[in-house]
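S.K.:
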Amino acid sequence: MKNLLLIVFCVVLTTTAVFAKPRPYKGYYYVPYDDQRMHFGLTPQEAEQRLVRWINNPSVSLRFIGVGTIYRDKLENRTSWPVYDPTSPPGRGLSYLFEDNLGKLYIVAIVPIEMWEYRDVEADRTPYDPQDPSAWLPSEQRDAVARQFIAARVPNFLEGEHQRGWTGAVYRLYQGLGHNRYISVSVHPTLGVVESCKWYDPGEPIGLNTTPSLSREQAVQVALAYAYQLEAGVVNAEIRNPPVLGIFSDELGITRLMWWMIIDSAVAATPGNDLRTARRLIIGIDAHTGDVVDFDRFVSSSAVKSKVASPSKKPSKPKLRFEPIQAYFEGSSLRLATLPPLRVGKTAYVWVGWLKLPLYEKARVSIAYASGAIQIDYNGQRWLARVGSNLLSRDGISRRLSAPVLNIRGRVYLPAEALEVIAGMKMRADDYTLYISR
-10 MKNLLLIVFC VVLTTTAVFA KPRPYKGYYY VPYDDQRMHF GLTPQEAEQR LVRWINNPSV
50 SLRFIGVGTI YRDKLENRTS WPVYDPTSPP GRGLSYLFED NLGKLYIVAI VPIEMWEYRD
110 VEADRTPYDP QDPSAWLPSE QRDAVARQFI AARVPNFLEG EHQRGWTGAV YRLYQGLGHN
170 RYISVSVHPT LGVVESCKWY DPGEPIGLNT TPSLSREQAV QVALAYAYQL EAGVVNAEIR
230 NPPVLGIFSD ELGITRLMWW MIIDSAVAAT PGNDLRTARR LIIGIDAHTG DVVDFDRFVS
290 SSAVKSKVAS PSKKPSKPKL RFEPIQAYFE GSSLRLATLP PLRVGKTAYV WVGWLKLPLY
350 EKARVSIAYA SGAIQIDYNG QRWLARVGSN LLSRDGISRR LSAPVLNIRG RVYLPAEALE
410 VIAGMKMRAD DYTLYISR
């Protein structure tokens, strides 16, 4: 009987440790950090060291609260944890919660780069009338508060090359090019104190070749060809604005030189019909490889009656029609500087390079490709595949995938289910989204 009670007691303890109940805290949920089960790529100690350098004030001390997010269900009933959670902003994905001795909250995203949010919860919850700006402090005074806040933490950020974004964020430039390395400060309109601050610092892209291999005109042709193959019935596609060259660094620290442009396209409802669906797309193209990396699907879409002339250089009919789909990781959307998942017919595909992303583990990965044959070494296991075949083999034993491996615009794409087999990730897709979990 005593042995039975001991076994039951141990099971209860184990279950409690694995499924720690999320606790609410100032608009977030958190669970205690468990170094036996949580093996994040960023430790709480490393996160705290980053914050201490950034706060730059020895009189401010920090208290670690736990692993938190605004979504309770991301913390419930977990048997495993990712290495990184590259979803933005901090608090949407798994983050570390800290509080200082002044009651200010810090939400640090568990990613390789520096990404966190500072919040004065008390000030943030102090109401004001957004319809009555006459009661607000002068904008010059609020701007001075923001500048003083930035200068105290990152003294050199406002010196040298920088620019203000339309949201009020201050972006650093790199060799004259825009870069999503920024700080954004919000000052309470009536209290005159900083209520929140967002910090995103992937570091300077030292070593990045900022001279594009693709000219502006070549990037436009790539973008137009991409827009024409997205769906049947595209009768016209035009660049709405001159392409802009800039640098994009994602939450995992992947950095690319990119051409960005907005495309307006018209899609015929039926052949010969004047009814068109007007689409607006935002496309980002790697300025060195020509890969379409960033894609905002149908920023706007509306039906209009019009006769739209096709461009004189309309691309030929594509041999393979595919479209990018959104990736969701742990229930939140991803925006990475890597090739997006694609839908070909009814099958979701993922670029083979996704196996190298440190999502659930920092795997030892090497990928070799020659004459249509692909060799993937993943954590000591060798997998073999071939473009055009739906067989995935290891140790002479083959598994049949639901769709063949494809070469799309010079890149190898695997059916999403192949990542389930190779890396143990769960892949579920609908028409527009690939959901990744474990």
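Per this note's numbering, residue -10 is the first one in the sequence shown, and the count goes up by one each step. Yeah, the Cβ is synthetic: ideal placement off N, Cα and C, and Gly gets one too. A quick note: this is a predicted structure, and the numbers were derived from the prediction, not measured.
#1: Apart from the five residues on each side of it in sequence, which residues of its chain come closer than 6 Å, Cβ to Cβ, to Thr336?
#2: Please work out which residues of its chain come closer than 8 Å, Cβ to Cβ, to Pro300, disregarding the five sequence neighbours upstream and downstream, and give them in chain order.
#3: What is the DSSP secondary structure of Gly342, reduced to helix, strand or coil?
#4: Rounded to whole angstroms, what's the CA-CA distance from Leu166 to Gly55? Just pull it up for me.
#5: Kindly list the residues whose CB is nearer than 6 Å to the CB of Asp109, restricted to its own chain and excluding five residues on each side of it in sequence; keep chain order.
#6: With a threshold of 7 Å on Cβ separation, who are the neighbours of Thr422 within its own chain once the five nearest residues in sequence on each side are excluded?
#7: Straight-line CA distance for Ile271 to Asn230?
#8: Go through its chain and collect everything with a Cβ distance to Val182's Cβ below 8 Å, but skip five positions before and after it.
#9: Assign Tyr406 to buried or exposed, taking buried as 16 or more other Cβ atoms, counted over all protein chains shown, within 10 Å of its Cβ.
#10: What residue from Thr327, Arg400, Asn368, Leu331 has the CA that sits closest to Ala362's CA?
#11: If you draw a straight line from the alpha carbon of Ala352 to that of Arg67, how long is it in whole angstroms?
#12: Would you call Ile102 buried or exposed, if buried means 16 or more other Cβ atoms sit within 10 Å of its Cβ?
#13: Is the CB-CB distance between Thr58 and Tyr85 below 8 Å?
#14: With 16 as the cutoff for other CB atoms within 10 Å, does Glu35 come out buried or exposed?
#15: Which whole-angstrom value is the C-beta distance of Thr327 and Leu346, which I expect to be below 8 Å?
#16: Using DSSP with H/G/I as helix, E/B as strand and the rest coil, what is Ser123?
#17: So is Asp132 buried or exposed if we call it buried at 16+ other beta carbons inside 10 Å?
#18: How big is the Cα-Cα spacing for Tyr22 and Leu31?
#19: Hey, Glu106 and Gly82 are a contact pair by Cβ (cut 8 Å); roughly how many whole angstroms apart?
#20: Opposite Arg383 in the DSSP bridges: which residues?
#21: Rounded to whole angstroms, what is the Cα-Cα separation between Pro329 and Trp248?
#22: In its own chain, which residues sit with a C-beta less than 6 Å from the C-beta of Asp190, not counting the 5 before and 5 after it?
#23: Can you tell which of Ser202, Thr266, Arg332, Tyr95 has the C-alpha that lies nearest to the C-alpha of Asp280?
#24: Can you give me the Cβ contacts of Thr3 inside the same chain, cut-off strictly under 8 Å, excluding the 5 residues immediately before and after it?
#25: Mapping DSSP to helix, strand and coil, what is Val209?
M.R.: Put simply:
#1: Ala392, Pro404
#2: Note that Pro300 scores 48 on pLDDT, short of 50, meaning its location in the model is unreliable; the coordinates nonetheless yield the value given after this. Cβ within range, chain order: Leu213, Asn225, Ala226, Glu227.
#3: helix
#4: 38 Å
#5: Lys93, Glu184
#6: Ile314, Gln315, Tyr317
#7: 11 Å
#8: Asp109, Ala112, Val134, Val176
#9: The identity of residue 406 in the sequence shown is Glu, whereas the question assumes Tyr. Under this definition Glu406 is a buried residue.
#10: Arg400
#11: 21 Å
#12: buried
#13: no
#14: exposed
#15: 7 Å
#16: helix
#17: exposed
#18: 12 Å
#19: Not quite, the Cβ-Cβ distance comes to about 12 Å (not below 8 Å), so this is no contact.
#20: Ile386
#21: 16 Å
#22: Glu103, Arg170
#23: Ser202
#24: Its pLDDT being 44, under 50, Thr3 is placed unreliably in this model, and the coordinates cannot settle the point.
#25: helix
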